[in-house]
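See below for the structure under consideration.
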Amino acid sequence: MMSWICITFLGWMILIGWTLISWINEGFEPTYKKVQRLALMQTLVVREFSDASFVKWLNECVSTNFQAQSARMVLSAQNAGGKLTQAAQKHMGALAHQKDVPMAPELIQLFNDLWLKAQQFWLLLSATGHLLLIKLAILITAIPLFLLAVTAGLVDGLNQRAIRTASLGRESTYVFHKSIPFARKTVFWVLGLWLALPHALPPSPIFVTLSVLLSLVVSVTSSRFKKYL
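Using my numbering, you'd call the opening residue of the sequence shown number 18 and step up by one each time.
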């Protein structure tokens, strides 16, 4: 469980890094629209297979709440920014009156810019979390496929073990001990890479290939159980 949390967190960090780089190079509005479009495209890729999919329902619910929350956040940011600017101007005006120094509009502008950047960063962070939530929903719906592949591989491997027990075949504990970490690392890295990629890749080729590979590894692993338990 801890490994899955780490993989999800790492994928989110990579997505946030990509978003920040795009924000620096292209600006806030193009980056924000790009992340929203990416989440929509990822949902449309899954919608081709099932119109009543769980991902479609999740995207519609989250998108509605997310857009309303973003609008409220922008409004509150503008109101709070205006109030803070007025407070800063009053404070600096009183300070300038006491010390008889001119006001510094550059400082007020810097404060406003920092506040605006903080609000933009929060919106991009929320949009990236929305995208990751869509990908996690797709991954959750693929769990039955992985369970079916593991079951098929386990049944095939146990049949091979029964044949090996009857024919007095050789055992190989090396294959048994090396195949389990290989399968675990392969699943974690492939799924983590899919979560971190900022592209709307179709999940079917990735998940089907991974499930076939997982089935083969489980088959080899279970066939190398000890002949006499």
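Ideal Cβ placement from N, Cα and C applies to all residues, glycine included.
Can the beta-carbon of residue i be found closer than 8 Å to that of residue j?
i, j, result
"LEU32", "ALA213", "yes"
"PHE224", "SER20", "no"
"LEU233", "VAL207", "no"
"LEU256", "VAL52", "With the chain running from 18 to 246 in the structure shown, residue 256 is simply not present."
Residues in the same chain with beta-carbon distance under 7 Å from residue i, minus the five sequence neighbours each way, listed in chain order, please.
i, result
"LEU171", "VAL235, SER239"
"ALA69", "Note that ALA69 scores a pLDDT of 43, beneath 50, so its modelled location is shaky and nothing firm can be said."
"LEU162", "PHE224, SER228"
"CYS23", "none"
"SER196", "VAL234, VAL237, THR238"
Under 8 Å by Cβ, that's how I've got residue i and residue j pegged, so tell me the actual separation to the nearest angstrom.
i, j, result
"LEU149", "GLY28", "7 Å"
"THR36", "THR145", "5 Å"
"VAL62", "PRO219", "5 Å"
"ALA217", "MET58", "4 Å"
From this set, the options, which residue's C-alpha is nearest residue i's C-alpha?
i, options, result
"ALA166", "LYS195, TRP40, VAL229, GLY209", "VAL229"
"THR203", "PRO222, LEU231, HIS194", "LEU231"
"ASP173", "GLU43, PHE45, VAL237, LEU57", "VAL237"
"LEU44", "ASN129, LEU127, LYS134, LEU124", "The sequence as given places Gly at residue 44; Leu does not occur at that position. Nearest option by C-alpha distance: LYS134."
"SER10", "HIS194, THR168, ALA169, ILE160", "What the structure shows of the chain is the stretch from 18 to 246, and residue 10 is not part of that stretch, so it cannot be assessed."
"TRP211", "ARG181, HIS194, SER196, ALA154", "ALA154"
"TRP139", "CYS23, THR168, TYR49", "TYR49"
Give me, in chain order, the residues of the same chain whose beta-carbon lies closer than 8 Å to that of residue i; leave out the 5 immediate sequence neighbours on both sides.
i, result
"PRO47", "SER39"
"ILE41", "none"
Using a Cβ-Cβ cutoff of less than 6 Å, which residues in the same chain neighbour residue i once the five nearest sequence positions on both sides are dropped?
i, result
"LEU175", "SER239"
"MET90", "Note that MET90 has pLDDT 49, beneath the 50 cutoff, so the model's placement of it is unreliable and the number below is only indicative. Result list for MET90: empty, nothing under 6 Å."
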